[in-house]
Amino acid sequence: MRVLHCIPSMLGGGAERQLAYLASEMPRRGWDVHVALVHDGPNLERLERAGATIHRLGGRGRYDPRLLIDLIRVVRRVKPDVVQAWLLQMEVMGGLAALATGTPWILAERTSAFHHPANLKNQLRLFMGWLANAVVSNSAGGDQYWHEQGAARVRRYVVCNALPLDEIAATAPVRGEESGVRPDEQLVLFVGRLSAEKNIARVVESVSRLLQRVPARAVFCGDGPERPRVEQLLQSHGVQDRARIAGFVSNPWAWMKRADAVVSLSLGEGNPNVVLEAMACETPLVVSDIPAHREILDDEAAWFVDPTSADATADALEALLGNREGAVRRARLARARVEQHALSDIARQYDDVYRDVVANSTPVPGRIAL
């Protein structure tokens, strides 16, 4: 059996990381894994180590027609049993290539309705999803979105994100001198894209208020369009000497294991990689009170806060840092809940999905031929 994954790049996002994980495990289940992409990125090395066959595509713009021509050629050459399309560019181009060649294809839903406002771009995405053989969501929220959008003819599945639990367990914490944290300080960590949907301005404001109250230090592992604003906010709050931006970090688990708290104030998520990884690292969590976080955690395993309130978040972080015993207890409860995300189990679920889609694929009304 052969699967072709279509993805724009192997940059540092959650979708790219999940594909790299799957590529390492699916061959054990009898799948020949191929990946078509336009750009490289930090997750490419893991993908190459997995032994996936990589097909680099041409085209300059996001919707350059040469990209579609290249994709069609790749599909015809590889002859996959199923195509999986990741992220908007490939949900369109990869979906069209699969439709043009009569190949069963799957749209990978990585988020939820929050990230899909009613605009032309998302209308195009919806149209492509209606023509897919299946939609695989990584959360109940993502699946609910497609249910509400009337994808009646499309098979729908929910498969959560995978975690390489053994690899995470074997990771050592960042050493004290590398972290820059003094023995009398505690470490608050943010991991993720520095962007508006991660509510990064509120994270900075909350952490800044905390640093003015307690002996602590903050590290932001990530990069993105809001980085200049983050730097400006840290300076305006006068905490730039105790907070730093580490940029993209290929292995955030070492930082998570060194941290006393991880904070995530996202306004919307699918199945949040960072929160799951912090749970696997047994790092205490302060998270926004949104459905995606409630799907994997409860009040016994994390501190939930109103993501619009910097005061509430700073108070929760201060309570966490001041109650080491309670923080450890919640973190251990959270760790017990990630066993269902073991990579081998998630790969088995994808194996079931792929085989089900292949076995039940029929021509979809509107399927094109090029």
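As numbered in the working numbering, residues 570 to 939 make up the sequence shown, in order.
Idealized CB from N, CA, C, for every residue including glycine.
Apply the 10 Å Cβ neighbour rule to residue i and answer buried if 16 or more other Cβ atoms are within range, or exposed otherwise.
i, result
"R722", "exposed"
"G671", "exposed"
"R786", "buried"
"F696", "exposed"
"V874", "buried"
"A765", "exposed"
"D712", "buried"
"P797", "exposed"
"Q801", "exposed"
Are the Cβ atoms of residue i and residue j separated by less than 8 Å?
i, j, result
"A584", "L656", "yes"
"L756", "V788", "yes"
"R811", "A870", "no"
"V844", "V772", "no"
Out of curiosity, what's the CA-to-CA distance linking residue i and residue j?
i, j, result
"R924", "I675", "12 Å"
"D601", "G837", "34 Å"
"I814", "L606", "29 Å"
"R631", "S578", "12 Å"
"T740", "A849", "11 Å"
"L912", "S805", "43 Å"
"D829", "G663", "42 Å"
"Q909", "G582", "22 Å"
"G793", "R571", "35 Å"
"R597", "E736", "17 Å"
"P841", "A861", "7 Å"
"W872", "P853", "8 Å"
"P752", "I915", "39 Å"
In terms of DSSP beta bridges, what is residue i paired with?
i, result
"I814", "F789"
"H608", "S578"
"Q653", "H574 and I675"
"D601", "R571"
"V874", "S857"
"V773", "DSSP output for V773 lists no bridge partner at all."
"A911", "L732"
So what does DSSP say about residue i, is it helix, strand or coil?
i, result
"T680", "coil"
"V926", "helix"
"L756", "strand"
"V856", "strand"
"Q781", "coil"
"D867", "coil"
"V643", "helix"
"L803", "helix"
"Y726", "strand"
"A669", "helix"
"L626", "coil"
"A847", "helix"
"V743", "coil"
"S833", "strand"
"A938", "With a pLDDT of 41 at A938, under the threshold of 50, the predicted position of this residue should be treated as unreliable, though the coordinate-derived value follows. Residue state, collapsed to three classes: coil."
Measuring from the CB of residue i, is there a heavy atom of the ligand GTP at a distance below 7 Å?
i, result
"V874", "Judged by which ligands are present, the structure shown has none, so any question about the ligand GTP falls away."
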